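The numbering of the sequence shown is the UniProt record's numbering, which starts it at 1 and goes up by one.
Positions of the beta carbon are idealized from the N, C-alpha and C atoms, including for glycine.
Note that the structure is a prediction, hence the values are computed from the model and not measured.
Structure record follows, encoded as structure tokens.
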Amino acid sequence: MNRQSSTSSGLQGSPSGGLKNSQQLFKKSGSHGSPTHTAGQQEMLYHSVSSKTAAPEVFSLSVEELTEIHQTKNLKAINELGGFAGLAKILRTDLKKGIDWEKEVNFEERSALYGLNIYPEPPARKIWKIFIDSLNDTTLLILLFFSFISMVLGVAFPDTEDERPIGWIEGFAIFLAVAIVSIVVTVNDYSKERKFRSLTRESKKIEVKVIRGGLNHSVLIDTIQVGDVVEIEQGDGIPADGLCIESNQLKTDESVMTGEPDLIKKNTTDSPFLLSGCTVAEGSGKMLVTCVGVQSEWGRTLQSLKEADEEKGSTPLEEKLDKLSVNIGKMGMGFALMTLLVLIFGYWIKKLIHTTEWIPPAAAFKESWQEQNIVEVVKFFVIALTIVVVAVPEGLPLAVTIALAYSVRKMMKDQNLVRHLAACETMGGANNICSDKTGTLTLNQMRVTHAYFGGRYFGDQLSSLLSTLNSSALQILIDGVVANSKANLVRIEDNKTKEYATQGSKTEAALLLLLVKHLNQTIDSYRERRHDLLSEERGCHLQLPFSSKLKRMSTVIPNPDGDTKYRLFTKGASEIVLKLCSRYMKTDGTVEDMSRDKESEMMRYIEEMANQGLRTICLAFRDVNPDREFTSRQDEMDYLENLDPVTLEEDLVCVGIVGIKDPVRPEVPAAIAQCKKSGITVRMITGDNILTAKYIARECGILSKDGIAIEGPEFRKMTHDQIAEILPKLQVMARSSPTDKFNLVRYLKKAGNVVAVTGDGTNDAPALKEADVGLSMGLSGTQVAKEASDIIILDDNFSSIVKSVLWGRSIFENIRKFLTFQLTVNVVALVLTIVSAISSTFVNETGGFKPPLSPVQMLWINLIMDTFAALALATEPPIPELLDRKPYGRKESLITPKMWVFLLGQSLFQLIVLFTLYYGATSFRNGAFSFSRNDDETRTVVFNAFVFCQVFNEYNARKINFEYNIFSGLFKSAWFISISLIIVVLQALIINFGYYDPTLIATGKNDGLHASHFTQTIPLNWYQWMLTVSIGFLSIPYGYLIRFVARMALRVIGKRSTKNRIADEFSESTTPESEL
């Protein structure tokens, strides 16, 4: 247990002398002007008050002088200023009451001189830099290289001299496609960075406890002022640089600033300096703020950073996608190389054949290699590279980025503040949630509803306490509650129900409410009594903070009755504290020995209250006399600090036992039921009595009939094999320590589970780090717990955790949707290009090869259109049905068998219709059903049909588990509808670009019969539009056919497997034992 002794004596000196000599302590560098600020609002604030001369006159210490004191840890300078009291007077504050709120309403003068508690944000990447970074992609760089080569060769070696002025166009079109892709990626990355910076700022909205005008307030960390008195305790981050003016065995972790792993003990004498950015590891205390924002140690450290703190590393899903992309890329490279060899070899064979004497030379082939031939070979390389581009699903990383960015922003509205991107997707695969009870499963609105005092059980009749307990017993009860507590009650203005807001521990606040509502106390009276008991005039006191290991806390104060030197007050887990009691206090204030019958009676009432789901707390005290006299105050402090807590907390007098009700959140039972339906096991880990824990677990729906509930000490004694045996059915762990939680997480992960853990305390940090997803509590969680977590649950509500699971599954599902869509496009484009390339070797006698889809068209399909598809499918909102499925495993494949069926089925359909259009065009050209007049028009028809197949197939891809209703929830996805319309409009512009091509207009060829040099398309008539759109629309009914056939096949397979299983079971049951 941590020992804490308290004093506020501080550094001594004459306040008046300090004011007189303060100007002589430092070399003056100029006027007391405002420091350099990084935030715009600081600059505005400075200008608004710079004309005032009051600030330098009132505050006789400049920001540079205060900073120097803190940097050099100059205790002598503080003493010469008059100690803490003198420094406080200079800063126009008070060590007890803090800054006078009424005199300084908006702190303008103070903020203008000393600055605001705002730290410099790392500079955001400029949009032009993001654009340059987006081009840092091997495929895009190779494309840019070949587009440049294509432009040069197109101008240097055109097919005809008339085409020399426009020979650069095809290469430039490739360059333009790359530029568009880079712009889209840039805009998305820029938007993503802005959103994440906004979320980061949101996560830094930390509330701290300050004393202003003698009252306790909770304020945001960036509103802290120099001169504020701040209360800090274990788990808190230190909000600014300051001086420790009250220490209760305060120790800080300064490793983040100094690199030293050891905890640093802080006191008011020789080690009062506190550093911002560090955390309170043990104890509690108060600090006087001396430096804020950029003037603090942490602020100066942040100012030295030159680059944005971007999240490093890939998420698990991105790693899977990267691996998939690499494998597909290798396959694409193989196909591209094969296509290139076929084209070059075929071209060489045809040239060889057509330059022999027995076959007349064709116009396209000359006796020797000409520049024209070189241009054709370069075009073959462009086609091969385009195949690589088509094969590699570049849209996948973009889809992941969009899905995560979109989900993180939406999760914020569902009370989930995501700190690490990987947590989004990992939550979707979680199959175990280890949850705290208080505040997560319950409302954290604690009220004392039952009580046992003075050897008598009052039950829920608390109103009779005041009339039953005599004044001495009542006073001991009140003193034990107020002295052994840091919580506070706050009046709510205009509150007709006379309820109170609470600050600090909810359990301690419940005890304070007992005093106020049933024991005739007020907020002012209990605060005055606390101040009196813990005042410096009475002497030193010792605080033993709550230990999760010992399950109790104590405070030693000077005895108010004067019979002995000290009085110890203890409270904690009822059955544990009761075992330390050898006596009990009666209703008349007298003390009697604890008999076995009395102890059994108390244990019976503890169990009775626990069986009603009440948290039971035992209150006790004892009087303590030191075994020697003290020579000084410091001697007394040393004595208290060296007391052994184990021997100190013995031979106690039981004052009473209270039962505290913390109602289960109304929405929790339904959320737990949903988790079970989703294949997620919820386990409750609590420090409460096992009876209380089991009652609450049953009420929530966590503990089943065959479920196991154990206590932490029992769990610690079990062997690995015993734990492995009970693990599947372990549902409740009571009286647990943070170590128990950490070990449970490790066992679950070793068993192959994906584990999410909630935590709110500093000691929960190891378990939060160990878990696949650490979930800290936004309301009750310490800063240390929040820093260790991946997601902060802003409302501490378990149902918000379930929403994070839904979003995680939605991310994974949306990526699978896009993957199904993208791979269908890739397969069709690859097969179409490769087959046509090979066939051209045997049927094309004109020399060159024009693929069904030009490089520009394939880039449009694969880079630009797929980018839009990623945006449409990745932003599909989550559907509740996702929670009805079992969680995907840690190693589950990205592509499921259902996706393969859908992908190959659609690819087969599209290839059949596109090959029919491409190879059948010549046959139909002179017939009644002609739809193309030349090869360029044929390729345009094929291109348009291909695009509309993808447009309609995008709707099929919304449902990849053989669902019939592919339009379900369509109107909830505005992005999807908008993007579909945008693609159609852009496709129409591309097809009809021949009318607006400047090069065609210049030569008078914009008559709809000549292909655009940019897009390689000819404007289509209404008949061709009807044909291509109708072919694309057929993807939807064909998709229904795939679903129907697949469902029937699965049903038949399912029936057969069931029959086989039944037959096997029957044969096993009837096989003679001798044959076995």
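Short Cβ contact (8 Å threshold) for residue i with residue j
i, j, result
"E202", "K286", "no"
"G115", "V294", "yes"
"A281", "K320", "no"
"Q234", "G277", "no"
"K803", "I960", "no"
"V378", "L153", "yes"
"Q543", "N248", "yes"
"E575", "N689", "yes"
"G778", "D796", "yes"
"I660", "T438", "no"
"C291", "H541", "no"
"F943", "L1009", "no"
"T824", "L903", "yes"
"residue 1090", "F1033", "The requested residue 1090 does not occur in the structure, where the chain is confined to residues 1 to 1076."
"G455", "T564", "no"
"I672", "C700", "yes"
Residue burial classification, residue i (beta-carbon count within 10 angstroms, cutoff 16)
i, result
"K972", "exposed"
"D189", "buried"
"V326", "exposed"
"A709", "buried"
"Y1040", "exposed"
"L466", "exposed"
"S600", "exposed"
"Q722", "exposed"
"D253", "buried"
"H720", "exposed"
"Y406", "buried"
"M1048", "exposed"
"F345", "exposed"
C-alpha gap between residue i and residue j, whole angstroms
i, j, result
"N611", "T692", "6 Å"
"P766", "A957", "42 Å"
"R665", "L443", "5 Å"
"N79", "V226", "19 Å"
"F146", "G171", "8 Å"
"K571", "A734", "18 Å"
"Y747", "R300", "43 Å"
"V389", "L859", "8 Å"
"I977", "M331", "34 Å"
"L652", "P545", "18 Å"
"V591", "R583", "7 Å"
"L534", "V757", "38 Å"
"D866", "T940", "19 Å"
"D222", "Y964", "53 Å"
"S800", "M427", "12 Å"
"P855", "I991", "15 Å"
Paired residues, beta bridge with residue i - DSSP
i, result
"N814", "Answer is none; N814 lacks a bridge partner."
"R622", "L568"
"F273", "L243"
"N416", "I793"
"N432", "T681 and V755"
"Q503", "N488"
"Y1040", "Per DSSP, none; premise fails for Y1040."
Whole-number beta carbon distance between residue j and residue i, since they are thought to touch under 8 Å
i, j, result
"F1014", "I169", "6 Å"
"L832", "L914", "6 Å"
"F59", "I99", "Actually they are not in contact, since the Cβ atoms of F59 and I99 sit about 12 Å apart, beyond 8 Å."
"V668", "C675", "Not really, about 10 Å apart at Cβ, beyond 8 Å."
"V985", "T279", "So it is not a contact: roughly 55 Å between Cβ atoms."
"residue 1081", "I792", "Outside the displayed span of the chain (1 to 1076) sits residue 1081, for which this structure offers no information."
"D760", "D236", "Rounded, the Cβ-Cβ distance is 13 Å, inconsistent with contact."
"I478", "L515", "6 Å"
"V732", "K694", "6 Å"
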